[in-house]
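S.K.: Those sequence lines, one after another, are chains A and B.
Going by the UniProt record's numbering, the first sequence opens with residue 1, and the numbers climb by one from there.
Going by the UniProt record's numbering, the second sequence opens with residue 1, and the numbers climb by one from there.
Glycine included, each C-beta is placed from N, C-alpha and C at the ideal position.
Here the structure is a predicted model, which is why all the values come from computation and not from measurement.
Protein chains: 2
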Amino acid sequence: MATGRWLPLLLGLCGLVWGPSLAGAVNATRGPPNLVLLLMDDMGWGDLGVFGHPSKETPNLDQMASEGVLFPSFYAANPLCSPSRAALLTGRLPIRNGFYTTNAHARNAYTPQEIVGGIPESELLLPELLRKAGYVNKIIGKWHLGHRPEFHPLKHGFDEWFGSPNCHFGPYDNKAAPNIPVYRDGEMIGRYYEDFKIDHKTGEANLTQIYLQEALDFINAQQASQQPFFLYWAIDATHAPVYASREFLGTSQRGLYGDAVREIDSSVGRILNRLQKLGISENTFVFFTSDNGAALISAPKQGGSNGPFLCGKETTFEGGMREPAIAWWPGHIPPGQVNHQLANVMDLFTTSLALAGLQPPSDRQIDGIDLLPVILQGKLIDRPIFYYRGNEMMAVRIGLYKAHYWTWSNSWEQFSQGIDFCPGQNVSRVTTHTQEEHTKLPLLFHLGRDPGEKYPISFSSNEYQTVMERISPVVQQHKETLLPGQPQLNVCDRAVMNWAPPGCEKLGKCLEPPRSDPKKCFWPH
Amino acid sequence: MATGRWLPLLLGLCGLVWGPSLAGAVNATRGPPNLVLLLMDDMGWGDLGVFGHPSKETPNLDQMASEGVLFPSFYAANPLCSPSRAALLTGRLPIRNGFYTTNAHARNAYTPQEIVGGIPESELLLPELLRKAGYVNKIIGKWHLGHRPEFHPLKHGFDEWFGSPNCHFGPYDNKAAPNIPVYRDGEMIGRYYEDFKIDHKTGEANLTQIYLQEALDFINAQQASQQPFFLYWAIDATHAPVYASREFLGTSQRGLYGDAVREIDSSVGRILNRLQKLGISENTFVFFTSDNGAALISAPKQGGSNGPFLCGKETTFEGGMREPAIAWWPGHIPPGQVNHQLANVMDLFTTSLALAGLQPPSDRQIDGIDLLPVILQGKLIDRPIFYYRGNEMMAVRIGLYKAHYWTWSNSWEQFSQGIDFCPGQNVSRVTTHTQEEHTKLPLLFHLGRDPGEKYPISFSSNEYQTVMERISPVVQQHKETLLPGQPQLNVCDRAVMNWAPPGCEKLGKCLEPPRSDPKKCFWPH
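What follows is the structure, encoded as C-alpha cells:
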C-alpha cells in the first residue's frame, strides 16, 4: 500500500542508475553497490522503537526506517544462531546446507566449541560469489559456521575477519574448556576474558566499540580503494552475556540489555553517517536484521523483547523467528515505506547477488528470493515461509496464515528445571511441552487478526478448509522435492575445542587438547 | 531526551504566542486555543503502527505522532469505560467522583441501562468550566456518565450532543430491554439497530462516518462563529460489537477490528486535515487516546492489541490501563517527540483548563496535572499513577516501578466459563484468579526492563527495599488523605432503562417501563 504512492518517484530515481533490466543490472560507471549487512544477535522484533518498544530508545534505527523500508514480516531461517547464519550466507535452508542434527527429532543445534562439523566445503557462500564481481568481503564479529580452521571465513570467501568463531560464552578455565579466541583474519589475536574483557558483574565490555571502529576503518579503506565491498557486521552485544561500553552502561530504561541496544543503535547511526559523509550512501545497500528471536529465557536482564509475538528463541512460534528488518539505500529506496512482503534472511543472499549483478548458483536449490522488485518496484511476491527446528518442518506461513504441523516449546523435564522459552505465556495445545504432531490436522492461525498465535482457527470452519487447501500442496511439494544435506551438527568432541587455534603459538596461548573422543552431541531442545 | 534538541526551536515558536507566564497565558488577540479530544473506546496501546502493531495500518495516526508528541506511558484512570471517562471530565479519580461501587471488593462497575446513578451534580465537569472562558462545547459519541436525564451532557456543560448515553450493545427486544437511544442535544432522535443500523453478521455500520461528519460540521460552524470550541469526539467503533462502514470492511489485515481501526485512522486524518485547511490547526490543541486497554476477552475479532503488555480491559495490569496517546498542536508542539512523562486522562482536564487560561477548581482534590510544561518545555514531573479497580487501589506506578498491592484477573468461576482477561498469558502469583492481597509485601516490577510484568523483583533485594521506601510513603499519604465520594454505581433498576427518553413521544418511540425494583447491582469482576 505505502509502496504504491512512491512508484513514480521510485522509477524516476531508479532511471538514474538502472537499465531496463532492473534486477541484476549494474551501472557501468558506478559499478555495483556496496553491501552492508548489519546482523544482530538474539535481538527481538520488539526491541526497536519503530517496532513498538515502549522505551523508544533506538532513534538511529527508527530514523533508518523512516529513510528506508521497514519489513514487519521478515524472518530468520531458524530459531537459533548457527543455522540461521549458515542459511543467510548460503541462501539455503539449514536442512539443505547441513546446519541441523538428526541426533533426535526436531532439535535445535548450533556450533559450540565441541562441535566437529561446520559449513561444508560444497556450500557456496555469498562472499565467494561476490568475489566474482570484484567485491572485497569482510566479516566483523561472530562467525558461528564452525570454528575448526577449514571452516573459517577466509576459507569461504571473506578477505578479512575480525571477530570470533563461537559465542562469547565464558569465561572458561582453559582446562575443561578454553576461552573463545578472537581472530584477525586467519590467526587468533587473543581470547575473550583474557585479552578482550567482558565483566559479568557490571556488564561492561568495549567490544561493540571495537567492532564499530573496525567497520568504520574498513569502509574508509574500501572507499579509498574504489572497490565495491561487502561488510558483514555480525555483532553480539545482545546475546547473553549481554554487554555494553562504559559510556552506555546505565543509560537505558531497560537495564543492561537496553544499554547494549542503545550502543548498537548509536553505532548503526555512526556507520550510516560515515557512508553519507564519504558520499557513498547512494551506492551502498544497507540491511539491518537479527539472527533469531529474543532469548526470553535470558530476559529481562539478558534478553530482549519479541513485542506481541509468542515465545522466543529456540521455538518456531513467531517470537522465535520474526525479526526486525530495515533496508536503507538513499536515492534508490523511497523513504518511509512499510512493506508486508514475507521475507527472510536467505533473501539477503539472493538480493545481494542481484545487486552485484550476479545470478544465484543454478546447480542447487536456493531458498532466498531477490527482494529488489519488492523493495524498488513495490511488487509483492507470493512465497511460503518455512519454520524448521532441526530436521523437522514445524510450521509454514503462506500469506497471513500460519499452519503448525508440529508444536513444541521444550520438554517438561527442562521446563521443570526453570528453562522456559515462553515465560508468562501459555496457549493451550500450542506452547506444548511434549512434541505434538499435527500433520494430519495442522493448527491454523491468522497472523493478521492474531499475531500472537493465541486463537487457532476452528477445524470445522470454511476458512480452515479453504486455507488448508492452499497450504497443503505447498507443503507436500516442499517435502517431496526436499533433498536434505548431510547433517553437520551431530558429532561433538572436546578435542576439537579452541585449544590451539592458528596463531596461538605466536601469542604463547596454545593449550593442550584432550584425547579425541567423538560422541553424538546432546541437543536437549 | 528527544525534547532537549527542540527546546530552542520550541521557545522561539512559543514566543510568538505565549507571554512570560507560559501555562495559563492566553494570547490577547487570538484567544485561547480550540480543544479537540479524540477518545477511543477499548482501543489498545498496541493497536497503532507507531506503537508497534505489525499491520502498520494507521498512517494518519502515525503521521499525527510524527508531527506531535507521543506518550508511551499514558494511562486510563480505570480499566473500564464509565469510570475512566468520568475521571477524564472531572480531573478526579473515580474513587473521588463516585464512579465506583462498594457492592463488593475491587469490582469494575460502569453505567449499563439498569444503573440508577450517574455523574453527581456536585462534580464540576470540564465543559462547565470551559464555558467560563467562552468555549462552545460539543460531545459526539458515547457519554457513559449516566443515561437518566439529569445526568445528560447538556446538564453538565455541553452545548451540543450527538450520540448515545450508553454502549451500543444490543440489539435489545424493547421488552426485556430497550434499544439504546441516540440523542441530538437534549432529545432522542432514534435508537441503535432500529434507526442507526449495526449489522452483527457483517460488522457493517456507518456510525463512524456520521460521527466524523458531525465533527467536521461542528468545526466548520465554530470556525465561522469565531468562538473557541471544545470538541469531545468519543466514538465507539472499536468497542464490541465492533463495526466499520462498507468502504472499510475487508480492508485490514486484522479483520473487522482492523477495519474499524482503519476507518478511525482515516477519520482522524480528515479531522486534522480540516483544521489545517481552515487555517486553525495552530490554534487547536488535539489529543488522541483511549478510555481503557483493549478488551482481550473479545479478541481477536472484536478486540484489539495491548502490544507487549499484560492482560487487558478490566484488569490493573499494564494492558488494562496503558493507552495510546498523541498530542498535536502544529507551531507549538515540535514534531517527532517521544515523551516519557507518566500521564493520564485526568491530566487532560487540567491541561485543557490551562490552555483555556483557567485554574482548576480549588475546593476539591484534582488528580490531573497540567501537562503543558511537559509538552512545551520538556519538563518531567514526578508523580504517581494509581491503578484502581472499584473501591480498591490495586497498584501504583512511580517512575519505572510499579507495585501491586492487590492482584486479580477474574474469579475461577468466571474463568472456568471462558471469561479470560489474559488470554494466552499466565504469570504465576500475578494474574491470579483469587483476589490476592500484597499490601504487606507488594509485588514490585520494573516496567523499563520488564514492561510485560513477568518478573517480580525479589523481596530480599536491595532494589526492592530502596524502591519500596520511596513508594510506601506516597501510598500511605494517598490513602490517609483520600476522601472517597459517594459511590454512584451501587444500585440497579430495570425501570430506569431507556424506555422513554426525552423526545421519544415525538418519534412514537416511548416504551412502557416495568415497575421500579431497585437492587444492588451485581458486578462479577
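Mind reading off the beta-carbon distance from A76 of chain A to V345 of chain A? Whole number of angstroms is fine, and I expect it under 8 Å.
M.R.: Yes, they are in contact, since the Cβ atoms of A76 of chain A and V345 of chain A sit about 6 Å apart, within 8 Å.
S.K.: Does the beta-carbon distance from S290 of chain B to E323 of chain B come in below 8 Å?
M.R.: Result yes, Cβ atoms of S290 of chain B and E323 of chain B sit closer than 8 Å.
S.K.: For the candidate residues B:F158, B:S266, B:L93, whose alpha-carbon lies nearest to that of E57 of chain B?
M.R.: Nearest option by C-alpha distance: B:S266.
S.K.: In whole angstroms, what is the alpha-carbon distance linking C311 of chain A and T431 of chain A?
M.R.: Their Cα atoms are separated by approximately 8 Å.
S.K.: Please list, in chain order, the residues of the region 429–456 of chain A that have any C-beta partner in chain B closer than 7 Å.
M.R.: For the region 429–456 of chain A, which is checked against every Cβ of chain B, the residues closer than 7 Å are G448, R449, D450, P451, G452, K454, Y455.
S.K.: Going by DSSP, what residues sit across from A104 of chain A in a beta bridge?
M.R.: DSSP output for A104 of chain A lists no bridge partner at all.
S.K.: Which class does V475 of chain B belong to by DSSP, given the choice of helix, strand or coil?
M.R.: Of the three classes helix, strand and coil, the one that applies to V475 of chain B here is helix, per DSSP.
S.K.: Taking the runs of the alpha helix (DSSP H) that are 4 residues or longer, which of them lie wholly in the region 152–234 of chain B?
M.R.: As far as the region 152–234 of chain B is concerned, its whole alpha helix (DSSP H) runs of at least 4 residues are 207–225.
S.K.: Note down the Cα distance separating C521 of chain A from I115 of chain A, rounded to an integer number of angstroms.
M.R.: So the two alpha carbons sit approximately 8 Å from each other.
S.K.: Based on the DSSP output, what are the partners of F287 of chain B in its beta bridges?
M.R.: Looking at the DSSP assignment, F287 of chain B forms a beta bridge with B:L37, B:A327.
S.K.: Could you give the DSSP three-state label for C492 of chain A: helix, strand or coil?
M.R.: Reduced to three states, the DSSP call for C492 of chain A is strand.
S.K.: Measuring alpha carbon to alpha carbon, tell me which residue in A:Q209, A:A221, A:Y257 is nearest S245 of chain A.
M.R.: Here the closest residue by C-alpha is A:Q209.
S.K.: Against chain B, does G293 of chain A count as a neighbour if the rule is that its beta carbon must be under 8 Å from one of theirs?
M.R.: Judged by the 8 Å Cβ criterion, G293 of chain A is not in contact with chain B.
S.K.: State buried or exposed for S472 of chain A, treating a residue as buried only when at least 16 other CB atoms are found within 10 Å of its CB.
M.R.: Classification of S472 of chain A: exposed, given that the 10 Å Cβ count is below 16.
S.K.: Just the Cα atoms here: how many angstroms apart are V474 of chain A and Y464 of chain A?
M.R.: About 16 Å.
S.K.: When the Cα atoms are used, what is the spatial distance from L358 of chain B to A133 of chain B?
M.R.: So the two alpha carbons sit approximately 7 Å from each other.
S.K.: Start and end of the alpha helix (DSSP H) containing Y110 of chain A?
M.R.: Per DSSP, Y110 of chain A belongs to no alpha helix (DSSP H) and is neither H nor E.
S.K.: For E469 of chain A, name the three-state secondary structure that DSSP assigns.
M.R.: Looking at E469 of chain A - three-state DSSP - the assignment turns out to be helix.
S.K.: Pick out whichever of B:A234, B:R107, B:H53, B:R131 has its Cα sitting closest to the Cα of L39 of chain B.
M.R.: Checked all of B:A234, B:R107, B:H53, B:R131; the closest Cα to L39 of chain B is B:A234.
S.K.: So with CB distances below 7 Å, who are the chain B contacts of L400 of chain A?
M.R.: Those within 7 Å of L400 of chain A in chain B are Q253.
S.K.: Would N498 of chain A and Q113 of chain A qualify as a contact pair, given that the criterion is a beta-carbon distance under 8 Å?
M.R.: Cβ distance < 8 Å, so N498 of chain A and Q113 of chain A count as in contact.
S.K.: Pull up the distance between the alpha-carbon of I180 of chain A and that of P83 of chain B, whole angstroms please.
M.R.: About 59 Å.
S.K.: What does K313 of chain A reach in chain B if we use C-beta pairs closer than 9 Å?
M.R.: Simply none; closest approach about 16 Å.
S.K.: Give the interface partners of Q425 of chain B over in chain A, defined as CB-CB distance under 8 Å, in chain order.
M.R.: Ordered by position in chain A, the residues that pass the 8 Å Cβ test against Q425 of chain B are G424, Q425, N426.
S.K.: Taking DSSP as the reference, what is the three-state secondary structure of L444 of chain B?
M.R.: In this structure, L444 of chain B counts as strand in the three-state DSSP scheme.
S.K.: Among B:L129, B:D370, B:H433, B:R96, which has the Cα closest to the Cα of F415 of chain B?
M.R.: Residue B:H433 is the option with its Cα nearest to F415 of chain B.
S.K.: If we define contact as Cβ-Cβ less than 8 Å, is P300 of chain A a contact residue for chain B?
M.R.: Yes, contact with chain B.
S.K.: The alpha helix (DSSP H) with I398 of chain B in it runs from where to where?
M.R.: Element bounds for I398 of chain B: not the alpha helix (DSSP H) but the beta strand (DSSP E), 392–398.
S.K.: Expressed to the nearest angstrom, what Euclidean distance is found between the alpha-carbon atoms of W6 of chain B and E121 of chain B?
M.R.: Any reading at W6 of chain B needs caution, since the residue's pLDDT is 40, under 50, leaving its predicted position unreliable; the model's value is listed next. The straight-line gap from Cα to Cα measures roughly 43 Å.
S.K.: Is the Cβ of F162 of chain B closer than 8 Å to any Cβ of chain A?
M.R.: Cβ-Cβ to chain A under 8 Å: no for F162 of chain B.
S.K.: Have a look at A:P32, A:A65, A:D42, A:W45 and flag the residue whose alpha-carbon is nearest the alpha-carbon of P335 of chain A.
M.R.: Considering only alpha carbons, the answer is A:A65.
S.K.: Starting from K301 of chain A and walking both ways along the alpha helix (DSSP H), at which residues does that stretch end?
M.R.: Run containing K301 of chain A: none; DSSP gives neither H nor E here.
S.K.: Three-state secondary structure (DSSP) at E247 of chain B?
M.R.: Correct three-state label for E247 of chain B: coil.
S.K.: Between B:K138, B:D217, B:Q227, B:I219, which has its C-alpha nearest Y183 of chain B's C-alpha?
M.R.: Among B:K138, B:D217, B:Q227, B:I219, the Cα nearest to that of Y183 of chain B is on B:K138.
S.K.: Pull up the distance between the alpha-carbon of G250 of chain B and that of A327 of chain B, whole angstroms please.
M.R.: About 30 Å.
S.K.: Under 9 Å, CB to CB, which of the residues in the region 43–65 of chain B have a partner in chain A?
M.R.: Listed in sequence order: W45, G46, L48, G49, V50, F51, G52, H53, P54, S55, K56, E57, P59.
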